Amino acid sequence: MHAAGPVVDPLPCSGCNRLLDPLRAGHVAIFDNRLHYFCNATSCRAAFLSPWGKVAEPSPSPKTAVDRISVRLDEAREARAAASEKSAPIANAHGAVVPEDDLPEPLRLDDDRGLVEPIERIIASHEPPRPDAAEPRDVGGLLLLLGVVAGTLAVLLGLTTGGRLVLLSRVILAGVGASMLVARAFTTPRNPADPHPLPIIAGPIASLGVAVWTIFRGPPALGGEAVTLAGAIATVAAVGAWLLESSRRSVEAERAWIENAMTVPGRRLPNEGGPPEEGVFDIRAGERILVEEGEDVPVDIVISEGEAEVLPWLGALTPVRRRVGDPVVAGAHIWKGRVVGTCTWSGPDRVFSRLVLDPRRRVDALVPVAQAARSLVERWAAIAAVASGALSYAITGSAIDAALTAVAVQAGLATSIIGTLGGVSVARGLMAAQRRGVTYKSADAWDRAAHTSVAIFCARGTLLLGEPEVAEIESLSKNLDAADILSLAAGAARADSSPTAQAILRAAKTRGNKPNAVRNPTVALGLGVVAVTSSGEELCVGSRAHLVEQRVSIASAEWRMGELEALGRSVVLVALGGRLVGVVALQDGIRPGARAAVQHLLDAQVEPVLMSGDSRETCDAIARSLDIEHVRAEVLPQDRAEEVKRVSESGESVAVLGHTPLDDAALAAADVSVALAAAGAATSEHDIDLASDDLRDAAVAIALAKRTRVEARVGFGLAAMPPVLGVVVVALGILPPVFVPIAAFLGGVVGVVHGRALERSKPLG
289 MHAAGPVVDP LPCSGCNRLL DPLRAGHVAI FDNRLHYFCN ATSCRAAFLS PWGKVAEPSP
349 SPKTAVDRIS VRLDEAREAR AAASEKSAPI ANAHGAVVPE DDLPEPLRLD DDRGLVEPIE
409 RIIASHEPPR PDAAEPRDVG GLLLLLGVVA GTLAVLLGLT TGGRLVLLSR VILAGVGASM
469 LVARAFTTPR NPADPHPLPI IAGPIASLGV AVWTIFRGPP ALGGEAVTLA GAIATVAAVG
529 AWLLESSRRS VEAERAWIEN AMTVPGRRLP NEGGPPEEGV FDIRAGERIL VEEGEDVPVD
589 IVISEGEAEV LPWLGALTPV RRRVGDPVVA GAHIWKGRVV GTCTWSGPDR VFSRLVLDPR
649 RRVDALVPVA QAARSLVERW AAIAAVASGA LSYAITGSAI DAALTAVAVQ AGLATSIIGT
709 LGGVSVARGL MAAQRRGVTY KSADAWDRAA HTSVAIFCAR GTLLLGEPEV AEIESLSKNL
769 DAADILSLAA GAARADSSPT AQAILRAAKT RGNKPNAVRN PTVALGLGVV AVTSSGEELC
829 VGSRAHLVEQ RVSIASAEWR MGELEALGRS VVLVALGGRL VGVVALQDGI RPGARAAVQH
889 LLDAQVEPVL MSGDSRETCD AIARSLDIEH VRAEVLPQDR AEEVKRVSES GESVAVLGHT
949 PLDDAALAAA DVSVALAAAG AATSEHDIDL ASDDLRDAAV AIALAKRTRV EARVGFGLAA
1009 MPPVLGVVVV ALGILPPVFV PIAAFLGGVV GVVHGRALER SKPLG
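Residue numbers (the working numbering): 289 to 1053.
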């Protein structure tokens, strides 16, 4: 059992005053130098940002499921407008207004001021266009209603005392109910996640045939029972189909919303120059397109010219800066600026379309729980019917009883709810992930993410900002001062391109120290540099492992290095002429959201692991601040793939969270690779790509897949277990055959209610 992490006292939501756990808050922001915790980033945050004293009047409920999906965007837009009006009079008090064409500098994550959000900050929002055409009439729903009425009347008339005319009327009503189901199967387009309709309509048709046979060939007492069974099967099948459609109405509405929002034309740029071609829908990979301010991106692209502030995915609320070389996914909205991009994925291959819109790759049709459910409906129901009928015949010796049992078993197990309910839960979870900018490569990648037991964080640039700064410089030689030590370290750092080397060069430039003119530098990747100083002495700069490898004694600085590393600092040693002469300590900040990401994994029973090239003491200090118990320290970049494989060989399903191309080796060795800010890239082969650079979303991608898998399995079990138990009871002759469809009806109701409760529950993160 993995640790669940610490528990803290609840705090009130700044938007609705509801008590919540600050470690698991849906959204955290800093306003006026104070932390504020919110249930979510939309309604509660918008309520907090609304003008003081304004009482929100209750709004009427949206008429359609599509309208309900856009409520969060509407609330954010209202808050944005109110905040904009509030801020307008102050604009000229702080200097000239920046022209619309000039983009502001991006916020620095290592600058505390960049994390403080003013109370009047605009919340960007954009709602993709929706068609104005009225929704077509649901003919399938009308047929289901007629089927329910006819089947129910066929059952209720059995409670009256009547002769052969009443019995014939009941048969006709049962036939009408079965014919309505057949008509719906042939007139309604088949959902790719649904089982084949033939096994579902086979039960009502077969039960009707057995009822007619029983009336004319069987004992009179069994005729009424057979007709009751036929009516019950038709009723349960129609009600089950209606319950299923109601349970997935919001999912299908959001699917239609996504499809509509991503079906936008683009401007194709000809290779030979000239004006762009307007209104193009058939953009192919490799072609260049132009996207202006206020437009949606029609295909996945990599920016080749320009830069802009972008709402990075469909439904995103906060704009981010995207520059040349950055990927942008289809459905993103250009908030400010203009870009020219090269198409990487188009049509059904777009990352936000693959598992939602492409019938061949839809996740709710291909995950194991959905395949198992369809297999039960399409194959195992018929096998169970034959076996139950044979067992009934062996017990009773009556062919009619055996036929009634077989028909009841097949109809009870081959229901639309059993075959599809698990897939609905999976689709709901996938769309919740996509609302956070998370995309999965395939249904298999989603399933492997749901089995993750260990998540490895690549420290530099993922858990840490990846922008270390020199914190301390100490000289261990009487002949050299701190400036000399920094000059020697900077001279060696000019031969390296690592973040540590760049930090040393920045420190030397800031302090006015000229780097030593070293010669013949030799770089050991992840360790350090060996060179010759301008005076001809041998210079060695790097980690303790590097100096030990160069046969330099570091015993005199062990105690001081331990002190610095206990503070979470990385230590770079400087040796001159084979003797240790100085220590440079660097501090890298923890990425915002890192602690919340770790908590998401702990809540999902996934063990977080910190993997870094820093020393054991430095890694332990960082891990303690994040509540990580498992540390893999002093792992060089070239050795990280083997380290990931060693963890995987211990029997764990390993996910690696990192950036490309910095962590490509570790990502390639993982069972599940999670790449931040990589969605839409042309060469992306990761299992999970994020359109954002938020580490919390990377953790949610794993936690949400695990939770959704459990919910889908529970929903499938709740729907299938009652009829399975009913099959056993009926096959043994304990209860009449009509008990199986009744049990299937109860199981379907419980499964749908369970799904509705989950849909109304608080979303993860």
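Each residue gets a CB set at the ideal place from its N, CA and C atoms; glycine is no exception.
This one's a predicted model, so the numbers in the text were calculated from it and none came from an experiment.
Endpoints, the beta strand (DSSP E) within which residue i is located
i	result
R807	R807 to A812
A979	Unbroken run through A979: none, as it is neither H nor E.
T727	V726 to Y728
G314	Premise fails: G314 is in no beta strand (DSSP E) and is neither H nor E.
F745	V742 to C746
L874	R867 to Q875
R555	G554 to L557
L751	L751 -> no beta strand (DSSP E), and no H or E assigned at all.
Buried or exposed (CB count within 10 angstroms, at least 16 for buried), residue i
i	result
Q698	buried
P1010	buried
P558	exposed
E542	buried
S980	buried
P615	buried
V836	exposed
V612	exposed
K994	buried
A854	exposed
E547	exposed
H918	exposed
V427	exposed
E846	exposed
S413	Residue confidence is low: S413 scores 46 on pLDDT, short of 50, so the model does not pin down where it sits. No coordinate-derived value is stated.
Straight-line gap, residue i to residue j (C-alpha atoms, nearest Å)
i	j	result
V862	G814	15 Å
P636	Y728	14 Å
V1012	L701	7 Å
V894	C828	41 Å
I488	F1004	17 Å
D977	G968	8 Å
A957	A943	9 Å
S903	I589	40 Å
R478	R536	14 Å
A526	A1007	16 Å
A471	L431	7 Å
G508	S457	Reading off the sequence, residue 508 comes out as Pro, not Gly. Roughly 16 Å separates the two Cα atoms.
L764	R782	23 Å
N305	L299	8 Å
A1031	A669	15 Å
A777	E905	22 Å
L654	R736	13 Å
Pick from the options that is closest to residue i, judged by C-alpha positions
i	options	result
V1040	S980, L709 and P647	L709
S634	G451, R576, I622 and D614	R576
T740	L890, V579, V1015 and L311	L890
I683	S913, V1018, R736 and L441	V1018
G870	D876, I878, L299 and V859	V859
P492	F504, D732 and I460	I460
R610	S831, L950 and H621	H621
G877	S913, A812 and E905	S913
V639	L654, L664, L602 and R626	L602
L1046	A715, A733 and D985	A715
M849	T523, L433, A833 and A873	A873
A675	L664, S686, A690 and E666	A690
Alpha helix (DSSP H) segment containing residue i, residue limits
i	result
R543	R537 to M550
F1033	F1027 to R1048
S961	Careful: S961 lies outside any alpha helix (DSSP H), inside the beta strand (DSSP E) at V960 to A963.
V304	For the sequence presented, residue 304 should be read as Cys rather than Val. No alpha helix (DSSP H) contains C304, which DSSP labels as neither H nor E.
C332	S331 to L337
I1022	Where I1022 is concerned, there is no enclosing alpha helix (DSSP H), given that its DSSP letter is neither H nor E.
R848	E846 to A854
E837	R832 to E837
S457	R452 to T475
Cutoff 8 Å: residue i Cβ touching any chain C Cβ
i	result
L964	Within the model displayed, chain C is absent; a lone protein chain is all it includes.
*Would you mind listing the alpha helix (DSSP H) stretches within the stretch 880 to 948 that are 4+ residues and don't spill past its ends, in chain order?*
882 to 891, 904 to 914 and 928 to 937
*asked:* Please give me, in chain order, every unbroken run of the alpha helix (DSSP H) with length at least 4 that falls completely inside the stretch 667 to 721.
replied: 669 to 684 and 687 to 701
*List in chain order: all unbroken alpha helix (DSSP H) runs of 4+ residues lying wholly within the stretch 763 to 811.*
770 to 781 and 787 to 798
*In chain order, each beta strand (DSSP E) run of at least 3 residues that lies wholly inside the stretch 577 to 662*: 588 to 599, 608 to 610 and 621 to 633
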